[in-house]
Amino acid sequence: MMGIANQHNDQDQREPPPPPTPLEFPRLRAPALDDQSPLATDEITKLFSSVPRHGPSISYISALHIQVTYDVDLADLLPTDFLPPPAWLAESTPADAANTSNTKLNNGVPTPDHAAFYARAKELLLSNDAAFAFLQRKLQPSAGPTTRIAHFRKFWDHLLGMAEFWDTSLDKYAPVQESHRATLRSISRSPLRSLSKSPFRKRSRSPRRGSSRPRSPGSPVQETYTGRRIGCGLNMPVHYREDAVCAFVETVAWAFRCRVERPKIEPKLQMGGMVLPIMQTASVYRTPKESQRARKGVVEGPLMAIQCRNMHSFRKEGENEGEARGEVLDFLKETGLALLIAQKRMREGKTEQTTWKGKWWAEQRRWGGGTGKQISLVEAASQSKSARSNEDVKRVPEKYIKLHPPTSTWEKNVEYMQIGKDRKAQYDDIYIVSSINHHVSILHFHVAKQYNDFITNLGTTSPGSSDGSAQQPWSVLSVQRSRWYDLLKAEDRTEAMRGIWGVMGWLMRDTQSQETEDVRMGGTEG
């Protein structure tokens, strides 16, 4: 990626790239719900067992009993005791160091303090020009302080690639001079302009909004361009966004001795007899205390998840904001991932139940043909082909006879745990870092245990009307979303870091010591 990033200078005049991709964000308007209405198994099964041609409608949201709140402040998204105050964005003083808490996380590691937070935050407070100049080893202004990037090095590397498709802050256009037309034509034929042939770009049969029509080879260039962009957001390879967001979250997670891992098997949500594929970029896990288990790649969790989507348009012509099918589909992707994380966390202390064990159709030999297989075909092939070819012929009946069980949805290197959950609570807090365009948002899903059981089994659940938190019915899935944070803006980057840092601090708190203290207090009062 850095090879592409270093192929041009921001001040060089060249042929203009495609027009910038307009920014558009989904804002689903969930219908009003009756708290007393139960979840309907038949309705959910009917909706999710079919694949609508034009995308899901708002009825999917009503069937799942979802309530959404937008632009939630970070102080309302998680407990304020774990949210770093804005004052932490300034360098710590000796007085701050003296007031550092001696608390520990649930993995035995001391809780990261102000110094650890600021050591990372100050790298996000750098201007884009200063950080990119450091990465590209360009001369920095002598008047400014020396730039150093250590913790967020990977993030800045990948953000540089994203900026070359999204950053319009340096875009300048000027009429081209006649003497420069030949030079611009040669630049347009250089490898820099061959990004449209990237294997990461999905081809589209119809022109997409924000893209420009290709100029014919003989037509003259009318204007020149100087700036950072080499393309538009529609042309950016998908993995640029995924790598940048994962590096951003991992830098924060590592301060709590946690790591970010991509899924090793296809994520699937169990919904009764249905298994729905889920879009997931990565998850955050806790590393074990035992070094031997950590070397084997064992992780614990998951704590939270990351989802990056390559969607730029959510509303078609004639669709109202909040009711478009694109907005419904995008929100269902986030909801499906949250429910999947809730199901995985519920696996703590359980073993995988395989429905195919002991079934004749999964363990008995297939019918049709004797045990000798297609011997005549093998002998005929051996007369005209080499021994290597004979083995290929034998593989055909071998594949037919050998049966493979359904793919497991349990990851072998993961020890499923509900880290950060209050053992007495009948609900679980699921956090998702969602990303589109060059922005991230933090979502909080309040999933009751009864709701999780109902979605998993699509059947009856244990009686009860509330999960014990503000009298919220268990049949309602409450969702809170923060505003969208622009990764190309320093103030938004640091605010997103504050939110993720607070989520990690909340989930990694020592719940066992807290429960022990509660027991002692109860015994004292008695």
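To convert, note that position 206 of the sequence shown is 206 in UniProt numbering; the numbers rise steadily by one, no gaps. Every residue gets a Cβ at the ideal spot worked out from N, C-alpha and C, and that includes glycine.
For the pair Met-162 and Arg-120, the Cα-to-Cα distance works out to about 21 Å. Beta-bridge partners of Leu-443 (DSSP): Ile-432, Arg-481. Under the three-state reduction of DSSP output, Thr-21 falls in the coil class, being neither helix nor strand.
Ile-430 sits close to Ile-341, with the two beta carbons spaced by under 9 Å. Using a C-beta cut-off of 8 Å, the segment 55–72 makes contact with the segment 322–340, since at least three inter-stretch Cβ pairs fall below that distance. Rounded to the nearest angstrom, the gap between the Cα atoms of Gln-222 and Asp-129 is 28 Å.
Residue pairing by DSSP places Ala-305 opposite Ser-283, Ile-432 in a beta bridge.
Cα atoms of Pro-237 and His-158: separation of roughly 11 Å, rounded to the nearest angstrom.
Straight across, the Cα-Cα distance linking Phe-25 with Glu-290 is about 43 Å. The shortest CA-to-CA distance from Val-299 to any of Lys-268, Lys-264, Glu-321, Asn-310 is the one to Lys-264.
Residues of the same chain with a CB within less than 8 Å of the CB of Tyr-240, apart from the 5 flanking positions on each side, are Met-1, His-158, Gly-161, Met-162, Phe-165 in chain order. Boundaries of the beta strand (DSSP E) harbouring Ala-174: 172–175, taken from the DSSP string. Counting along the chain, Val-298 sits inside no alpha helix (DSSP H), nor does DSSP assign it H or E at all. The straight-line gap separating the alpha-carbon atoms of Leu-33 and Asp-10 is approximately 52 Å. DSSP places Tyr-225 within a strand segment (E or B) once states are collapsed to three. When DSSP assignments are scanned along the segment 228–272, the uninterrupted stretches of beta strand (DSSP E) that are 3 or more residues long and fall wholly within it turn out to be 258–261, 268–271. Here the alpha carbon of Phe-117 sits roughly 44 Å from the alpha carbon of Met-274. In this structure, DSSP gives Ile-341 a helical state, which the three-state scheme calls helix. For Ile-66, no alpha helix (DSSP H) encloses it; the enclosing beta strand (DSSP E) starts and ends at 66–69. For Val-414, the uninterrupted beta strand (DSSP E) run begins and ends at 414–416, by DSSP. Ranked by how close their Cα comes to the Cα of Ser-482, the residues Lys-359, Ser-434, Gly-459 have Ser-434 in first place.
Rounded to whole angstroms, Asn-106 and Pro-20 show a C-alpha spacing of 46 Å. In this structure, Met-504 sits away from Val-176, with a CB-CB distance that is not shorter than 9 Å. Here the alpha carbons of Ala-30 and Ile-61 stand approximately 7 Å from one another. Under the DSSP assignment, Val-275 falls in the beta strand (DSSP E) whose first and last residues are 274–277.
Under the DSSP assignment, Arg-498 falls in the alpha helix (DSSP H) whose first and last residues are 490–507.
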